[in-house]
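So the structure is just underneath, and the comments pick up after that.
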Amino acid sequence: MKASSLLLTLSIAVCLGQEKSYPMWKVFCSGRPLYRGRLDSIVTPGEPAGHVHKVVGGNHFSAGVRGQSNLELYEVTKSADCTTCSIHTVDNSNYWHPELYYQWPNGTFSLVPDGGLTVYYIARSGNVGGPQYVNPNWQPFPKGLRMIAGDPWRRTYDKSNVEHNAISFVCLTDFGMPHAPETNGFQTDKYFCKNGFRMQVFFPMCWDGKNLDSPDHRSHMAYSSQYNTGDCPATHPVRLPALFYEAFYSVDKFPHGTGRQPFVLSSGDPTGYGFHGDFVNGWDFDVVKNMLADSSCLASNTNLGNNPERCLPLKPFVKQSVDANCELAKPIPLTENIGMIEPIKRLPGCNPITYSNAAMCSQGSDPRSMDNTGTFHIKSKVTGRYVTFNPITEDVYANAPTNNPSYRETWGLGWAARDTGRTVRNTELNRHFTMQDKLKVRGPESDTWEIFSFEKQSDSDYIAIKNRRHGKYLQVEPDFSISGTATIITDACLFQLITPDGGHVPVGLQMSDLANLQSLSNNLG
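Throughout the sequence shown, residue numbering follows mature numbering (1 follows the signal peptide of the UniProt record, and there is no 0), covering -17 to -1, 1 to 508 in sequence.
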């Protein structure tokens, strides 16, 4: 076992106590999110959320529908085709939490790469000697349950407050060395997190037994007396398995640990006290019921949850690796540049950085607050559809639906310092157009970076895209694939640049935009 894994296991053992006669299992979720952006089907169903989230789990996540009942949402969530987490079929839940940004000295923001999410399920007993210890009476999650832990507007910490203690952080330093001490606020001003930054949140385990949700999405649940153990209050007598999120971020790529706190949550929180998590239940009720009653699912048998396959009711559904190809069943259009590639000037939404007295901005979810600078879709004249790519073959096609272009179909301009021209890449996934027999996409480490010229066609909104290496134009073939073989411009060679809100990108302004991007890149070194 690696030293870091051993330290993690030991720290969890200390956190949970040495007594292991309680059901416990873990769900491991991919570092490649199912969705990232400003949607929250719990708080703002059917409209943009106030800040950016990272979502993992079942692929039926969506913006939700205003007025949709909890049971209706459960049925949609539960019927997912795949999940980006390690338990398939019986757990199609959705898990999400705020994204993390790095603020550069010039005031711009970069989205921090994430390193996955681990979800603990811990059905612990009440206080030793009490009735909830002798008979904890664990219950499976009711169908339709959804909840939030934490508060994005919190900027203070009270050590006597159970809810405040449910939020914590650990800076993962060098392997083989003790990690930085666990704290209840950000610690990246004091420590350099070489192996990542871990954000942690415990969800309440006590349910009122009646409501599947509440107006604040919290009141139907309550923390036990010690937030991760102890007795449930009389107002919330039903004990459910407690969820515990460990969200990992690759902060080592950014300077920190020198006295300045440069990281900020997407809600504008630089303290960490406002970290929070959201959960929409997608578990099979009967399977969880059997797990809570089966001794093979106790922490003592599952290695503190690290080996969930030892839990016999769960064993048939444990995957050795997460599904790397699981994508949203219904693609969600990209509505905003959230800063995955180039730095952005402000946090998405209306989220000023506040160290105290944070308040919800009235325009936080207003679509007009969205920033799409440098972001566009490419639409073919001959097919009337958008350019996309196959994630398996990497071939590029002009066949994406016109009414719902998604992340895979969103492109942005890139600057090619070696030549006057443009690279074209997927803004959020950082994949570039490259030429072989057909147009393909490659990751950021590709050796072949193609340079293109955008040639405006007379007085129309159409452009032709010329490959500078071959001196030929891209054109759409009969099978919707795109080649770079055309020497004469026909309709198959014509494209439009469309912003996510449906407008046309004025081609004549592109070069100045590129110059601004290059200047920004130089300033950041």
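Note that beta-carbon positions come from the ideal geometry of N, C-alpha and C, so glycine has one too.
Span of the beta strand (DSSP E) around residue i
i	result
Q183	180 to 185
E438	435 to 439
P81	77 to 81
V247	246 to 248
T27	First-last for T27: undefined, no H or E at that position.
V263	259 to 263
K423	422 to 425
F372	369 to 372
V111	First-last for V111: undefined, no H or E at that position.
R19	18 to 20
Where residue i sits in the DSSP three-state scheme
i	result
S464	strand
Q479	strand
D97	strand
F44	coil
residue 596	Nothing can be reported for residue 596: it is not among the residues displayed for the chain, which extend from -17 to 508.
N53	helix
A106	coil
V59	helix
V488	coil
R293	helix
V73	coil
F300	helix
V234	helix
R129	strand
Y380	strand
A469	strand
Y84	strand
N334	coil
I(-6)	Note that I(-6) scores 43 on pLDDT, short of 50, meaning its location in the model is unreliable; the coordinates nonetheless yield the value given after this. In this structure, I(-6) counts as helix in the three-state DSSP scheme.
G176	The residue asked about is misnamed: residue 176 is Cys in this sequence, not Gly. DSSP places C176 in coil when its eight states are reduced to three.
C12	strand
F92	strand
T385	coil
Residue i at chain D interface by Cβ criterion, 7 angstroms
i	result
A341	In the structure shown, chain D does not exist; there is a single protein chain.
Cross-strand partners of residue i (DSSP beta bridge)
i	result
P6	L281
K328	Beta-bridge pairing links K328 to no other residue.
N450	F435, K455
V39	Y78
E229	T101, Q183
M323	M323 pairs with nothing; no bridge assigned.
S363	F478
G395	T358, R408
W190	M204, V221
T66	G41
S151	Q183
T139	Partner(s): none; T139 has no beta bridge.
T166	F152
Burial state of residue i, where buried means 16 or more other Cβ atoms lie within 10 Å
i	result
S76	buried
I448	buried
Q303	exposed
G50	exposed
K(-16)	Bear in mind that a pLDDT of 35 at K(-16), under 50, signals an unreliable position, so the number given afterwards is only what the model happens to contain. By the neighbour-count rule (16 or more Cβ atoms within 10 Å), K(-16) is not buried but exposed.
N167	buried
S443	exposed
Q170	buried
V(-4)	In this prediction, V(-4) has a pLDDT of 38, which is less than 50 and means its spatial position is unreliable; nothing more can be read from the coordinates.
H241	For clarity, residue 241 is Thr in the given sequence; the question names His instead. Per the 10 Å Cβ criterion, exposed.
L54	exposed
Y206	buried
I465	buried
G454	exposed
K9	buried
P245	buried
V111	exposed
Q419	exposed
T482	exposed
Delimiting residues of the alpha helix (DSSP H) encompassing residue i
i	result
G418	Residue 418 is actually Met in this sequence, not Gly. Where M418 is concerned, there is no enclosing alpha helix (DSSP H), although the beta strand (DSSP E) it sits in stretches over 414 to 418.
H147	145 to 148
V271	268 to 276
V117	114 to 117
Check: residue i C-beta below 6 angstroms from any heavy atom of the ligand FAD
i	result
Q183	Judged by which ligands are present, the structure shown has none, so any question about the ligand FAD falls away.
### Task
Give a yes or no on contact between the segment 317 to 336 and the segment 77 to 94, applying the rule of three or more CB pairs nearer than 8 angstroms.
A contact is defined here as three or more CB-CB pairs under 8 angstroms, and the segment 317 to 336 meets this definition with respect to the segment 77 to 94.
### Task
Would you check if the segment 248 to 256 and the segment 201 to 221 touch, i.e. whether three or more CB-CB distances between them fall below 8 angstroms?
Not touching, per the Cβ criterion.
### Query
Taking three-plus beta-carbon pairs below 8 angstroms as touching, is the segment 178 to 188 in contact with the segment 150 to 170?
Counting Cβ pairs under 8 angstroms, three or more are found: they touch.
### Task
Would you check if the segment 7 to 18 and the segment 36 to 52 touch, i.e. whether three or more CB-CB distances between them fall below 8 angstroms?
Enough Cβ pairs lie closer than 8 angstroms, so yes.
### Message
With three or more beta-carbon pairs closer than 8 angstroms as the criterion, would you say the segment 112 to 132 touches the segment 192 to 210?
### Response
With a cut-off of 8 angstroms, the segment 192 to 210 and the segment 112 to 132 count as touching, because enough Cβ pairs lie within range.
### Task
Please confirm if the segment 220 to 231 is in contact with the segment 49 to 68, defined as three or more CB-CB distances below 8 angstroms between the two stretches.
Touching, no.
### Task
Mind the definition here: the segment 22 to 29 touches the segment 291 to 307 only if three or more C-beta pairs lie below 8 angstroms; say whether that holds.
Judged by Cβ distances under 8 angstroms, the segment 22 to 29 makes no contact with the segment 291 to 307, as fewer than three pairs qualify.
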